[in-house]
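Residue numbers (the numbering used here), protein chains in the order written: chain R, 29 to 219; chain B, 29 to 219; chain Y, 29 to 219; chain V, 29 to 219; chain F, 29 to 219; chain H, 29 to 219. Even for Gly, the Cβ is constructed at its ideal location relative to N, Cα and C. Have a look at the structure below before the remarks.
6 protein chains.
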Amino acid sequence: MSNRLTHLDPLGRARMVDVTPKEPTHRRAVARGRVHMTAETTALVARGAIAKGDVLAVARVAGIQAAKKTADLIPLCHPLLVGSVLVNFQIGDTWIEVEVTVDTVGPTGVEMEAMTGASTALLTIYDMCKSSDRAMVISEVTLWEKTGGRSGTYRREDTNEDIDDLTAVVPDDDDYDGFDRTLDPEASGEL
Amino acid sequence: MSNRLTHLDPLGRARMVDVTPKEPTHRRAVARGRVHMTAETTALVARGAIAKGDVLAVARVAGIQAAKKTADLIPLCHPLLVGSVLVNFQIGDTWIEVEVTVDTVGPTGVEMEAMTGASTALLTIYDMCKSSDRAMVISEVTLWEKTGGRSGTYRREDTNEDIDDLTAVVPDDDDYDGFDRTLDPEASGEL
Amino acid sequence: MSNRLTHLDPLGRARMVDVTPKEPTHRRAVARGRVHMTAETTALVARGAIAKGDVLAVARVAGIQAAKKTADLIPLCHPLLVGSVLVNFQIGDTWIEVEVTVDTVGPTGVEMEAMTGASTALLTIYDMCKSSDRAMVISEVTLWEKTGGRSGTYRREDTNEDIDDLTAVVPDDDDYDGFDRTLDPEASGEL
Amino acid sequence: MSNRLTHLDPLGRARMVDVTPKEPTHRRAVARGRVHMTAETTALVARGAIAKGDVLAVARVAGIQAAKKTADLIPLCHPLLVGSVLVNFQIGDTWIEVEVTVDTVGPTGVEMEAMTGASTALLTIYDMCKSSDRAMVISEVTLWEKTGGRSGTYRREDTNEDIDDLTAVVPDDDDYDGFDRTLDPEASGEL
Amino acid sequence: MSNRLTHLDPLGRARMVDVTPKEPTHRRAVARGRVHMTAETTALVARGAIAKGDVLAVARVAGIQAAKKTADLIPLCHPLLVGSVLVNFQIGDTWIEVEVTVDTVGPTGVEMEAMTGASTALLTIYDMCKSSDRAMVISEVTLWEKTGGRSGTYRREDTNEDIDDLTAVVPDDDDYDGFDRTLDPEASGEL
Amino acid sequence: MSNRLTHLDPLGRARMVDVTPKEPTHRRAVARGRVHMTAETTALVARGAIAKGDVLAVARVAGIQAAKKTADLIPLCHPLLVGSVLVNFQIGDTWIEVEVTVDTVGPTGVEMEAMTGASTALLTIYDMCKSSDRAMVISEVTLWEKTGGRSGTYRREDTNEDIDDLTAVVPDDDDYDGFDRTLDPEASGEL
Numbered sequence: 029m030s031n032r033l034t035h036l037d038p039l040g041r042a043r044m045v046d047v048t049p050k051e052p053t054h055r056r057a058v059a060r061g062r063v064h065m066t067a068e069t070t071a072l073v074a075r076g077a078i079a080k081g082d083v084l085a086v087a088r089v090a091g092i093q094a095a096k097k098t099a100d101l102i103p104l105c106h107p108l109l110v111g112s113v114l115v116n117f118q119i120g121d122t123w124i125e126v127e128v129t130v131d132t133v134g135p136t137g138v139e140m141e142a143m144t145g146a147s148t149a150l151l152t153i154y155d156m157c158k159s160s161d162r163a164m165v166i167s168e169v170t171l172w173e174k175t176g177g178r179s180g181t182y183r184r185e186d187t188n189e190d191i192d193d194l195t196a197v198v199p200d201d202d203d204y205d206g207f208d209r210t211l212d213p214e215a216s217g218e219l
Numbered sequence: 029m030s031n032r033l034t035h036l037d038p039l040g041r042a043r044m045v046d047v048t049p050k051e052p053t054h055r056r057a058v059a060r061g062r063v064h065m066t067a068e069t070t071a072l073v074a075r076g077a078i079a080k081g082d083v084l085a086v087a088r089v090a091g092i093q094a095a096k097k098t099a100d101l102i103p104l105c106h107p108l109l110v111g112s113v114l115v116n117f118q119i120g121d122t123w124i125e126v127e128v129t130v131d132t133v134g135p136t137g138v139e140m141e142a143m144t145g146a147s148t149a150l151l152t153i154y155d156m157c158k159s160s161d162r163a164m165v166i167s168e169v170t171l172w173e174k175t176g177g178r179s180g181t182y183r184r185e186d187t188n189e190d191i192d193d194l195t196a197v198v199p200d201d202d203d204y205d206g207f208d209r210t211l212d213p214e215a216s217g218e219l
Numbered sequence: 029m030s031n032r033l034t035h036l037d038p039l040g041r042a043r044m045v046d047v048t049p050k051e052p053t054h055r056r057a058v059a060r061g062r063v064h065m066t067a068e069t070t071a072l073v074a075r076g077a078i079a080k081g082d083v084l085a086v087a088r089v090a091g092i093q094a095a096k097k098t099a100d101l102i103p104l105c106h107p108l109l110v111g112s113v114l115v116n117f118q119i120g121d122t123w124i125e126v127e128v129t130v131d132t133v134g135p136t137g138v139e140m141e142a143m144t145g146a147s148t149a150l151l152t153i154y155d156m157c158k159s160s161d162r163a164m165v166i167s168e169v170t171l172w173e174k175t176g177g178r179s180g181t182y183r184r185e186d187t188n189e190d191i192d193d194l195t196a197v198v199p200d201d202d203d204y205d206g207f208d209r210t211l212d213p214e215a216s217g218e219l
Numbered sequence: 029m030s031n032r033l034t035h036l037d038p039l040g041r042a043r044m045v046d047v048t049p050k051e052p053t054h055r056r057a058v059a060r061g062r063v064h065m066t067a068e069t070t071a072l073v074a075r076g077a078i079a080k081g082d083v084l085a086v087a088r089v090a091g092i093q094a095a096k097k098t099a100d101l102i103p104l105c106h107p108l109l110v111g112s113v114l115v116n117f118q119i120g121d122t123w124i125e126v127e128v129t130v131d132t133v134g135p136t137g138v139e140m141e142a143m144t145g146a147s148t149a150l151l152t153i154y155d156m157c158k159s160s161d162r163a164m165v166i167s168e169v170t171l172w173e174k175t176g177g178r179s180g181t182y183r184r185e186d187t188n189e190d191i192d193d194l195t196a197v198v199p200d201d202d203d204y205d206g207f208d209r210t211l212d213p214e215a216s217g218e219l
Numbered sequence: 029m030s031n032r033l034t035h036l037d038p039l040g041r042a043r044m045v046d047v048t049p050k051e052p053t054h055r056r057a058v059a060r061g062r063v064h065m066t067a068e069t070t071a072l073v074a075r076g077a078i079a080k081g082d083v084l085a086v087a088r089v090a091g092i093q094a095a096k097k098t099a100d101l102i103p104l105c106h107p108l109l110v111g112s113v114l115v116n117f118q119i120g121d122t123w124i125e126v127e128v129t130v131d132t133v134g135p136t137g138v139e140m141e142a143m144t145g146a147s148t149a150l151l152t153i154y155d156m157c158k159s160s161d162r163a164m165v166i167s168e169v170t171l172w173e174k175t176g177g178r179s180g181t182y183r184r185e186d187t188n189e190d191i192d193d194l195t196a197v198v199p200d201d202d203d204y205d206g207f208d209r210t211l212d213p214e215a216s217g218e219l
Numbered sequence: 029m030s031n032r033l034t035h036l037d038p039l040g041r042a043r044m045v046d047v048t049p050k051e052p053t054h055r056r057a058v059a060r061g062r063v064h065m066t067a068e069t070t071a072l073v074a075r076g077a078i079a080k081g082d083v084l085a086v087a088r089v090a091g092i093q094a095a096k097k098t099a100d101l102i103p104l105c106h107p108l109l110v111g112s113v114l115v116n117f118q119i120g121d122t123w124i125e126v127e128v129t130v131d132t133v134g135p136t137g138v139e140m141e142a143m144t145g146a147s148t149a150l151l152t153i154y155d156m157c158k159s160s161d162r163a164m165v166i167s168e169v170t171l172w173e174k175t176g177g178r179s180g181t182y183r184r185e186d187t188n189e190d191i192d193d194l195t196a197v198v199p200d201d202d203d204y205d206g207f208d209r210t211l212d213p214e215a216s217g218e219l
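Below you can see the structure in the form of structure tokens.
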């Protein structure tokens, strides 16, 4: 990890890092995040999901499209051609989790595409549920995995001692599954 | 609060709610969110903020521009003409908080513009800091205040009993300032 | 009907017609169109529609978003704030029909928003089905109804003697329902 | 031809197909479509075409620009870098035909770019002529040719037995030129 | 004229000025600019203009579309609904001049829409001529007139003593017509 | 230099030049331009630059983002993936100069990306200063250097005899530094 911000030049001015010397390689990034809501609102989404699936279907489309326009949203992000975007959801008792996986062949990574796709999918769920629940919270949006590129593979560990507040963000409720995807699908409704 | 999702019709199909019968009125929404990072990364941003401010200056522009293109990102969101967007930051020890305030005169509220502006500003900080810190987490993105429109004023309460996980998200550390803006500006560096 | 093209000035140069003197009024436009495909492909979509509905759910989102960005696509089209967009589908034996209804309060009509929404929804169905059927044809995209504005209400008649080719476009098969929406919903699967 | 829709995963959820394993090759697609209108409106466009050409010049620009933003309009369409877009028109007695040819070097085909370019060019003609003729119909938008890629060359046949309605769409008037471009240019006004 | 920059708050942070308290009124802005080029290149454009007009027709469309997306390009610019955009050209011996007029009814002016439209039309001419002439210069892009709004009417004077370099920008050739549109149309080819 | 415009086909119709046969190579373009303003306004920007730098920080972001969306603004411009965008400023007594450098690896040059980035950065400065100074002029926007590609390296000479008006645009004031960057940085404030 660098101890300086590569998006600032030595005088502190914003810049796009030059990626032209880098060889195109296969790269993947996985991001996850959650929107917390009341049990009643979660149930409304879940029922829709079972019947026609439109809240999550709309959020899936929004996440895919946002991943494609990441460079238009994040000023210093390089444009690239995403080769694949997958958006999946898990429904808990009082939250919906999104996981976005982005693949590309290119000279730069796709973390921001995955993060932007996840954030936008969560904002879309928020938008569609806000008439029912104004106190929703979007949380725990983070990079889960990154492969390809010079810096090699990164996988998020479950605990991160360096970030004090993070321990607050991750509840220590015994039933909490973190981002564990081995949850009983009957209970959590993978969609 | 409604017990159904107005973005779905009675058959569960996605739709834009019709706002044409609504009179234009002045509306405001305030959203907040945080990106958690190591103390080292926070310090890098803070130092930049004192010198040239480019990380936060770029994130501010990104937040403003994203608020303007909300309807392009969130599928069922109505287009509207934002009249004002303010983006401010607070720097903590291991987090940066953004607050986005959006005003408009129109037939529909600006919650999504504020939420989208806040999310995009946080993603931009994430992008500019990820070479230094890959384990950052975007969290606690939520609507803080909403005024105008038929449903009247909404202000988020500090505790929300209905959302179990939220109590987990809000740490009960005594020093935690929540979104309290009365923080000592010397200590937290309002920017 | 005018016998000149208002988007050209007297010297034949393209221009946006000035709408600033016009009062905002409530306006609506309805457009319809079809994509013709093999019975096998239609069945694949219909099965999806019954199970999870994703082809049509994606096409619905695409139609809504395209209606919102009409002025970005059609060069001389005025920007306006759509107040509502509805996208519905009917499934026939060898076609899927889309109907897009757009409402606004503004100084100019929303025909192009409805037409653009319909075309884009059909293109999206085409995209999602092209691995199964390359010979699909998008057809009969037309304005069905227009209300509001100085020129009053327009409703398309079933036969239009002025357009010779149109009689070719509308098959005289007895079972053909045109755009008649009184079709037996059991048979045609309104979605 | 596949008997499943590759844009849906086995559970029926929308997805972008992963193109990262595919080698970039040269690819081309040609799409055509028509807008039918009264003879009077056609003549207005044709006169303009002779004098300054602005209706078709604007439609040509709109078609090119739409081809470039296809991935922003069609949710599951991959972004790619179009290398060339050509937009040509033929004027008949009561219709204008557009032909859009798109070339690229990339891992995925450009059918959707050609189809989207053709649709948008036709919508633009519709927009510029609608003050004169509200009953116009956009029709017969279809893929005419596709080369490159693993699935090899595809050329549309003049008759397609599999699509019943298509025989209705294609008039059996003896003079009908289909999309034959060998028409007498004096008569049909290739532009 | 203010002696501070209203787009910065008292702490020097960028902001969108709040326009929600302002009443919508009719507003107009006119901007002009030139691209200087060799006499040979100018003649190529002029010949095209006489025959089919495509360089200027494309530049006109580009100027209109850019005016519509000004708020997407200029970060602190308010979104507004342009009611009319006119783009005209004059051809000199070694330059092409563009004039863009934008009208709206709204709470804020359209200077930036006119300026952005003019700049983009000039960039488009540059793009289409650069294979013939790489030394072209875009110059003298400025606001010519502004009406409506609280600050009243502004019209640029031919000489502006306050801007020293401007006297350099405006050549003192006797034949120079400035932006005078009474030029002999035979000589300068108004298009 | 060609004596025809490659963006027009032999019949004078606009087209995108086909770049698919060209090999990707490393390419760079540098464009510069100025906005002239009163000494008072220049001082306001310069003071801001010293304190927080927000006018130029916002203009830098706008220039970078515009470079990324060049193909969306300039109709016949090919989409490409910019690999790096640098935006720098110099402050004179009565002007601010921008220099934009764009790098890519691709089959076509990045002149238009550099020119569009420079124009948009200047428009953004104009927007942020217009409350203080309405008579600002954007001038001397031109390509300064171009490397890579079949046509080899191009560097602008200080004097260009072929463009008559250019001698007018370049003042012969002895103090004028043209685009010379060897200016005393104390005096001109490179940022």
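Residue 62/F vs residue 139/F beta-carbon contact at 8 Å: no
8 Å Cβ cutoff met for residue 59/B and residue 170/B: yes
Exposed unless 16 or more other CB atoms sit within 10 angstroms - verdict on residue 120/F: By the neighbour-count rule (16 or more Cβ atoms within 10 Å), residue 120/F is buried.
Nearest by alpha-carbon distance to residue 74/R: which of 102/R, 157/R, 98/R, 33/R is it? 157/R
May I ask you to list the residues that DSSP assigns as paired with residue 59/Y? Residue 59/Y is bridged to 128/Y, 171/Y.
Our contact map puts residue 56/Y next to residue 155/Y with C-beta atoms below 8 Å; I'd like the distance itself, whole angstroms only. Not confirmed; about 28 Å, so no contact.
If you drop the 5 nearest sequence neighbours on each side, which residues of the same chain put their C-beta closer than 8 Å to that of residue 101/F? Within the same chain, Cβ atoms closer than 8 Å to the Cβ of residue 101/F are found at 94, 144, the five residues on either side in sequence being excluded.
Assign residue 183/R to one of three DSSP states: helix, strand, or coil. strand
Who are the neighbours of residue 89/R on chain B, taking C-beta pairs under 8 Å? 103
Could you please give the first and the last residue of the uninterrupted beta strand (DSSP E) stretch that includes residue 83/V? That residue, residue 83/V, is in no beta strand (DSSP E); its alpha helix (DSSP H) goes 82-96.
Whole runs of the alpha helix (DSSP H) within the stretch 104-162 of chain Y, excluding any shorter than 4 residues: 139-157
Compare the C-beta of residue 128/F with all C-beta atoms of chain Y and state if any pair is closer than 8 Å. Judged by the 8 Å Cβ criterion, residue 128/F is not in contact with chain Y.
Is it true that the CB of residue 82/F sits closer than 8 Å to the CB of residue 176/H? no
For residue 115/B, which residues in the same chain have their Cβ closer than 7 Å to its Cβ, ignoring the five residues on either side in sequence? 88, 91, 92, 126, 128, 145, 149
Return the residue from the list 111/Y, 51/Y, 105/Y, 48/Y that minimises the CA-CA distance to residue 45/B. 111/Y
Those residues which DSSP pairs with residue 42/R across a bridge: 36/R
Classify residue 66/H as helix, strand or coil using the three-state DSSP reduction. coil
Select from the stretch 33-51 of chain F all residues with a C-beta closer than 7 Å to any C-beta belonging to chain H, and list them in chain order. 33, 34, 35, 36, 40, 41, 42
Considering only C-alpha positions, which residue in the set 134/B, 52/B, 172/B, 162/B is nearest to residue 166/R? 172/B
Quick check: residue 108/R and residue 134/R, are their CB atoms within less than 8 Å of each other? yes
Chain B contacts made by the stretch 153-169 of chain R, where a contact means CB separation under 9 Å: 154, 155, 156, 157, 158, 159, 160, 161, 162, 163, 164, 165, 166, 167, 168, 169
Mind listing the chain R neighbours of residue 94/B? Cutoff is C-beta to C-beta under 7 Å, in chain order. 101
I need the DSSP call for residue 47/F, collapsed to helix, strand or coil. coil
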